[in-house]
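Numbering (my numbering), first residue to last: 26 to 213.
In structure tokens, the structure reads:
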């Protein structure tokens, strides 16, 4: 089952989720929120960091164990750094299903760039195909950030068109922030 390749139907206990084409971690969580009548709470992992090291993870484990006895609470977690999570958190019984969201292939990158540049006026020198074919490990969120930042660079200079130079600077900035380890968060 590949969430990127097309229309899929997936059953999560008593909830049914219909997933269409380009979905990432955040979009999956939003889709679940919109398709169920349940109350949806979003918690960013960095919000769980407490004054004393270890309190955040302990709090989360206690909450998960408390939810289990209710039976009517479903927890969805999303991270792109599963290797950094405490094994006690992701053991069977707490997190029963893992759905992998691979980085987008060229076809998917092309569509994501298209979505995020569709309302932009691009200069003639912009070659999005260069960014689509680059070997950088860009997620959908990275591509969105590049497009947004490129647009902002043009706006700051009061230009009506976004240039290739804007995209190059934006990509450089996004990759720099990514390499600095800016936390993307753990969503519950």
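Using N, Cα and C, we set each Cβ at its ideal position, and we do this for glycine too. Being a predicted model, the structure only gives us computed values, none of them experimental.
Classification of residue 130 by the beta-carbon crowding that lies within 10 angstroms, buried from 16 upward: exposed
Cα-Cα separation, residue 155 to residue 185: 22 angstroms
Identity of the residues DSSP links to residue 110 by a beta bridge: Residue 110 pairs with nothing; no bridge assigned.
Nearest neighbour of residue 119, chosen from 127, 134, 102 [CA to CA]: 102
Touching by the beta-carbon criterion (3+ pairs, under 8 angstroms), the stretch 142-154 and the stretch 172-185: yes
Closest residue to residue 189 among 164, 172, 87 (Cα-Cα distance): 172
Euclidean distance between Cα positions of residue 109 and residue 183: 42 angstroms
Cα-Cα separation, residue 20 to residue 181: Outside the modelled stretch of the chain, which goes from 26 to 213, sits residue 20, for which no answer is possible.
Inter-residue spacing [alpha-carbon to alpha-carbon] between residue 166 and residue 56: 16 angstroms
Anticipated Cβ contact below 8 angstroms, residue 170 with residue 151, distance rounded: Not confirmed; about 17 angstroms, so no contact.
Residues of its chain near residue 148, where Cβ-Cβ distance is below 6 angstroms and the 5 sequence neighbours each way are ignored: 186, 188
Cβ shell of residue 195 (< 7 angstroms), same chain only, five flanking positions each side left out: 171, 174, 175, 178
Residue(s) in a DSSP beta bridge with residue 147: 187
Nearest to residue 161 (by Cα), restricted to the options 50, 86, 54, 201: 201
Inter-residue Cα distance where the pair is residue 86 and residue 135: 40 angstroms
Through-space distance from residue 53 to residue 220, alpha-carbon basis: The first residue shown for the chain is 26 and the last is 213, placing residue 220 beyond what the model contains.
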